[in-house]
Amino acid sequence: MAEHNHTKHEPNYLEYQGKHKGLLGWLTTTDHKRIGLLYFYSMMTFFLAGVVMGLLMKFELISPGEQIMGAQTYNGLFTLHGLTMIFLFVIPGVAAVYGNFFLPILIGAKDVSFPRLNLMSWYLYIFGAIVVLASQFMGDGPPDTGWTFYAPYSLKTNTNVVAAVTGAFILGFSSILTGLNFIVTMHRLRAPGMGWLRMPLFAWSLYGTGWIQLLATPVVGVTFLMVVAERLLGIGFFDPAIGGDPILYQHLFWIYSHPAVYIMILPAMGAITEIIPTFARKTIFGYTAIVISSMAIAFVGYFVWGHHMFTSGMSSTSRWVFSLLTFLVAIPSAIKVFNWTATLYKGSINIQTPFLWAIGFIFVFMIGGFSGLVLGSLATDIHVHDTAFVVAHFHYIVFGGTGFAFFGALHYWFPKMWGKIYNTKVANLGLLIFFIGFNLLYFPMFYLGLMGMPRRYYDYLPMFENANVLSTVGSWIMATGLIIIIVNLVRARKGSGREIDNPWDGKTLEWTIASPPIVENFEEIPVVEHGPYEY
Amino acid sequence: MDTITTHHHADAHRDDTAAKIGMWLFIFTEILLFGGLFIVYAVYRFKNPVAFDLAHQELSIPMGLINTIILLVSSATVAVSISAIQKNDKKMTMAMLGITLLLALVFLVNKYFEWGSKFEHGMYPGSDLMTNLSNGDMLFFSLYFFMTGLHGVHIIVGMILLGITLFKVKTGAVNSGKYALLENSGLYWHLVDLIWIFLFPLFYLIH
Amino acid sequence: MYSGASNFVTTTDTAFAVIIGISMIFLVGITATMLWFVFRYNKKRNPVATQIHGSNTLEIVWTVIPTILVLVMFFYGWSGYAPMNRIPDDAMKVRATARMWSWLFEYENGIKTDTLYIPVDKAVALDLISVDVIHSLYIPAFRVKEDMVPGKTNKMWFIGQKTGDYELFCTEYCGLSHSYMFTEVKVLPQAEFDAWYARMADTTLQAQAAAANPGFKGKQLVQTNGCVACHSLDGNKLIGPTFKGLYGAEHTVMTGNDERTITVDDEYIKRSIYEPDADVTKGYTKGMMISYKTQLTDADVAEIIEYLKTIK
Ligand code: HEA
Ligand code: HEA
Ligand code: CUA
Ligand SMILES: [Cu+2]
Chain Z
31 MAEHNHTKHE PNYLEYQGKH KGLLGWLTTT DHKRIGLLYF YSMMTFFLAG
81 VVMGLLMKFE LISPGEQIMG AQTYNGLFTL HGLTMIFLFV IPGVAAVYGN
131 FFLPILIGAK DVSFPRLNLM SWYLYIFGAI VVLASQFMGD GPPDTGWTFY
181 APYSLKTNTN VVAAVTGAFI LGFSSILTGL NFIVTMHRLR APGMGWLRMP
231 LFAWSLYGTG WIQLLATPVV GVTFLMVVAE RLLGIGFFDP AIGGDPILYQ
281 HLFWIYSHPA VYIMILPAMG AITEIIPTFA RKTIFGYTAI VISSMAIAFV
331 GYFVWGHHMF TSGMSSTSRW VFSLLTFLVA IPSAIKVFNW TATLYKGSIN
381 IQTPFLWAIG FIFVFMIGGF SGLVLGSLAT DIHVHDTAFV VAHFHYIVFG
431 GTGFAFFGAL HYWFPKMWGK IYNTKVANLG LLIFFIGFNL LYFPMFYLGL
481 MGMPRRYYDY LPMFENANVL STVGSWIMAT GLIIIIVNLV RARKGSGREI
531 DNPWDGKTLE WTIASPPIVE NFEEIPVVEH GPYEY
Chain B
8 MDTITTHHHA DAHRDDTAAK IGMWLFIFTE ILLFGGLFIV YAVYRFKNPV
58 AFDLAHQELS IPMGLINTII LLVSSATVAV SISAIQKNDK KMTMAMLGIT
108 LLLALVFLVN KYFEWGSKFE HGMYPGSDLM TNLSNGDMLF FSLYFFMTGL
158 HGVHIIVGMI LLGITLFKVK TGAVNSGKYA LLENSGLYWH LVDLIWIFLF
208 PLFYLIH
Chain C
11 MYSGASNFVT TTDTAFAVII GISMIFLVGI TATMLWFVFR YNKKRNPVAT
61 QIHGSNTLEI VWTVIPTILV LVMFFYGWSG YAPMNRIPDD AMKVRATARM
111 WSWLFEYENG IKTDTLYIPV DKAVALDLIS VDVIHSLYIP AFRVKEDMVP
161 GKTNKMWFIG QKTGDYELFC TEYCGLSHSY MFTEVKVLPQ AEFDAWYARM
211 ADTTLQAQAA AANPGFKGKQ LVQTNGCVAC HSLDGNKLIG PTFKGLYGAE
261 HTVMTGNDER TITVDDEYIK RSIYEPDADV TKGYTKGMMI SYKTQLTDAD
311 VAEIIEYLKT IK
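Residue numbers (the working numbering), protein chains in the order written: chain Z, 31 to 565; chain B, 8 to 214; chain C, 11 to 322.
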């Protein structure tokens, strides 16, 4: 690659020494790139912890009866696993890591609008995480409610629900501030010439996400506060014994938590939308359609929360309205899949690791999405609600969708973030094993659900054993794949490697600057003259 | 200071419009936070119309009314302090902020007595009296304590913000050329006021 | 899978078939197209890409077609569900009560069981009651499920169309033994059901049985009230202390903040059942056991005590 002389006189963001050096320099940084990495390292830690919990659960489920833990431990484990994965990994997810690192660069800015607020969001995130994790050790033991904290069980159990819920509340705060920061940044800091319709689609997806974070998070925030008040002060809100309505709790919870699933997936879709044109060496097909579909997902996503409550005894009318809307929210996702596929048509495809992740993403996302349709339909959801089928659905779409996009984006932007390149062959091998393991792990759960095995089951009838064994073996294969992937990346990071500014011949702004980028990204703010993917 | 601004000159990244948009968005989330509670209130009121009606009579309308007036006036004084700083009248700005803070304090004292009298009658979250109430009454008072309590927390946050602003006006860090902080604290204060404007009729007036 | 075990199986499975069928076509179709493009337009075969910015016609086509398809899916889902909501008037009524972690079914003539017995080819309507937290009654073979929400009575109905035994699970997470909260539905031929129904309701028969073995009535009470979900009969420690050897044993309990030792006698057992939180046995959690004040009369408790005496 061409040598860049600007790297000579401007230190890159990794080497740069500000007022504070070393670790303290990182902990006091307001550089969006460093904050992105702070999120990255903390999230990876939580993710691996969550993964180990998943493995333990799968091991317990390998056959009926007790294997390695008792029921109480298992119940605590899936609660903590769900909390960790949802609140500490996929909700901040792609947005907090790659959004922080790349959003300002993609729109030609030096930083986000509120750099210090950005750092504060990270501290809130860490603080919230600590409170959540503290729930494991304080009080009367790990919470055992599931990540949904359904009343009245969450009000009755003796375990330490208060800490977990408070932690989730703080994490919500962090999420709101990040969303707010991104929205303002896009309104104020686009480079000259970068009109709204010239923004890269990843930025657009963050814009939609930001609005969901702002609009939905406060509702769950106050709901969690009410749970805390109810537990600590004996104020009655949701306990039917004192007139409260547990169904109202479910409504308030899902009014947030359904839109939250789009907080998880939109930035992931955005990242995939960056990867595909780069490797097809071709402009994206249907830019405007993708923009509109992102905003449509963000918007329609507010009105479908009831599909988590089809069996709660809602009125018939609410059931069919929520079911119909759920089907409509699938359309924008469909539009995206079609446009991605169409982008490949007549491209000149350069098959590299990030591209393979993107293809893998589309495949598992489709399976996850289609199983979502089964859940959105009334008669079928009645049968599979709260069974392993739902567990399969959300692992396909959350882990398969957001998780695949997270790793795909990591392989895509790795050279930019650290200025190093990994061993492609090993990366592809890791992906292959991971992909096989993934499907072996989660696909049998669809079958189990159809056969009627409920979720959150510590123990089960012998009739469900075979599929569970398959699934457990899948988890080991997948673990092998993940270890290969991670070791490969760690080695690349440690290794000397070449310095490369634009390994994939990308056209968006991040590929026009040095790898790793200098502190304020650009020597001079670029002037943008055309759309993002002009090949 | 952060690494970036020390790198270039201090005001390189200052953007008052951004700060204002940011504040508006934040206020929006605050409204949604209380919005969630208004939904809960509406649902429980719908389910227990009679109990809610009877329970609201236990609250003192004059107390609530006084507090409403106090907050409205304080909103006005904040507004005046903003136009004062635009005219570079530092003294007036500080005086107006001072009055606002004072009014906020009076509001809290008022609230203290209001809650206090309830507590004296054995009416507080978790008390025997409270747990023995009928379901509707219980929900009404639970919501009353929770929502006015949460609003009280917002008053305190607002006071801290205004206090910091006042201090910065004094040191000159906030001045006629740079008063985004004052505007934003003012916005926040209007929000606190606005929420009370909703709480007051919901708990004291409607029957 | 089961076929035709209830009147909802065909409609529900049709909805499954329609949705999964359409999905499979798209999944295979899109995956194949994608792979074909990756192969055909590989940079070796197609060194220069053709830049195409989009096509409004195509966007419209692939918005409209999926919209129509999801409406079809919605229709099948809705029409499969709609009848679940229309309970026939002549349905046999059963009151199903869930508690942590057991089931109780009460029939119109007052019989109580922990297994659901129903006659074949007859509509059965369940009133779903929960006394503590949310549970959910799920019979996979029948394709029915509905939550049991405390403070609210949900309803469900179905017709068992094939005799046999079917699993009945609790599918809403309800605490420690959620996964053990299952029982069976026994679909009997009408004649057999009638015989069972009469036998259970026959007080003289019951009285004979009670006279023959002491504690018989108490045993029934303990089973139908779900005590055995938490108290084992064989000495194992579950959520609550075992019933084995309980009567007459010396236990350390916490009364408020005071620790004291008591001997389990009639008075103590009665107190434990009516006010479980008053004396909390050491090593066990307060608040797990709910009061049975409204469900068990003094006479019932006396029967239970008789029964407990027999478990040594
Ligand atoms: C990233 C997160 C994510 C995403 C994106 C989705 C997307 C969708 N989800 Fe999912 N969902 C979860 C995360 C997510 N979900 C989680 C975590 C739960 C469980 C929560 C819990 O209880 O713990 C859950 C549960 C859940 C339920 C409740 C199930 C139950 O408890 O009974 C339902 C019901 O309707 C549902 C539906 C859908 C639908 C219709 C979509 C759609 O948006 C999917 C759209 C995508 C496609 C349809 C595929 C792509 C399209 C094509 C290839 C074109 C062809 C398309 C057509 C012909 C239509 N989801
Ligand atoms: C992003 C979200 C996410 C992710 C990634 C995962 C990942 C996994 N989850 Fe899931 N899960 C949830 C979100 C997620 N989960 C949620 C929200 C719930 C619902 C909780 C609730 O009900 O409340 C749930 C529930 C849930 C259950 C259901 C519990 C029940 O209903 O009874 C199970 C059961 O097996 C499970 C398993 C797994 C497994 C095996 C993994 C696998 O990913 C693990 C496979 C292993 C690996 C991929 C890697 C192994 C790595 C190592 C061994 C580390 C070594 C490391 C180094 C040396 C660097 N999860
Ligand atoms: Cu009862 Cu789960
Ligand atoms: Cu949802």
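Using N, Cα and C, we set each Cβ at its ideal position, and we do this for glycine too.
Assigned secondary structure, residue i (DSSP; H/G/I helix, E/B strand, else coil)
| i | result |
| --- | --- |
| H441(Z) | helix |
| N496(Z) | helix |
| W113(C) | strand |
| A32(Z) | Interpretation of A32(Z) is limited by its pLDDT of 39, a score under 50 that renders its predicted location unreliable; no figure is taken from the coordinates. |
Contact check, residue i vs residue j, beta carbons under 8 angstroms
| i | j | result |
| --- | --- | --- |
| A194(Z) | L113(Z) | yes |
| F41(B) | F147(B) | no |
| N164(C) | E156(C) | yes |
| L539(Z) | I135(Z) | yes |
| A388(Z) | I305(Z) | yes |
| L248(C) | C240(C) | yes |
| H425(Z) | G402(Z) | no |
| M83(C) | I29(C) | yes |
Cut-off 7 angstroms between Cβ atoms - residues of its own chain near residue i, not counting five sequence neighbours on either side
| i | result |
| --- | --- |
| Y477(Z) | A497 |
| L236(Z) | A125, G129, L133, F212, P297 and G300 |
| I106(B) | T84 |
| N188(Z) | D170 |
| F89(Z) | Q97, I98 and T502 |
Straight-line Cα distance separating residue j from residue i
| i | j | result |
| --- | --- | --- |
| F494(Z) | V252(Z) | 40 angstroms |
| A246(Z) | A290(Z) | 8 angstroms |
| I40(C) | T371(Z) | 8 angstroms |
| S143(Z) | A25(B) | 7 angstroms |
| G31(C) | V214(Z) | 45 angstroms |
| G95(Z) | F192(C) | 15 angstroms |
| G238(Z) | T196(Z) | 27 angstroms |
| P222(Z) | N551(Z) | 16 angstroms |
| N56(C) | Y43(Z) | 39 angstroms |
| P307(Z) | V161(Z) | 41 angstroms |
| H63(B) | Y51(B) | 14 angstroms |
| G202(Z) | E260(C) | 51 angstroms |
| W206(C) | V232(C) | 21 angstroms |
| P270(Z) | T265(C) | 27 angstroms |
| I300(C) | M110(C) | 9 angstroms |
Close-in-space but distant-in-sequence residues of the same chain around residue i (CB under 8 angstroms, 5 per side omitted)
| i | result |
| --- | --- |
| R311(Z) | G377, S378, I379, N380, D535 and Y565 |
| M396(Z) | V367 |
| S81(B) | I106, T107, L110, A111, F114, W196 and D200 |
| F268(Z) | A181, P182, L185, M256, V257, E260, G274, D275, P276, L278 and Y279 |
Neighbourhood of residue i by C-beta distance below 6 angstroms, restricted to the same chain and skipping five residues each side
| i | result |
| --- | --- |
| W234(Z) | V321 and S324 |
| G225(C) | E316, Y317 and T320 |
| P251(C) | T291 |
| S112(C) | G236 and A239 |
Anything in the segment 41 to 52 of chain B with a Cβ closer than 8 angstroms to a Cβ of chain Z? List those residues in chain order, please. F41, G42, G43, L44, I46, V47, V50 and Y51
Residues, ordered as in the chain, of the segment 384 to 411 of chain Z that lie near chain C by beta-carbon distance below 9 angstroms: F385, I389, I392, F393, M396, I397, G399, F400, S401, L403, V404, G406, S407, L408, A409, T410 and D411
Tell me which residues of the segment 182 to 216 of chain C have at least one Cβ-Cβ distance to chain Z shorter than 9 angstroms, keeping chain order. E182, Y183, C184, G185, L186, S187, H188, S189, Y190 and F192
Residues in the segment 39 to 58 of chain C having any Cβ partner in chain Z nearer than 7 angstroms: I40, T41, T43, M44, F47, V48, Y51, N52, K53, N56, P57 and V58
Interfacial residues, the segment 130 to 153 of chain B to chain Z, with Cβ spacing under 7 angstroms: P132, G133, T138, N142, G143, M145, L146, S149, F152 and F153
Contact list for the segment 451 to 483 of chain Z against chain C, Cβ threshold 9 angstroms: L480, M481, G482 and M483
Determine which residues of the segment 280 to 310 of chain Z have a Cβ less than 7 angstroms from any Cβ of chain B, and write them out in chain order. L282
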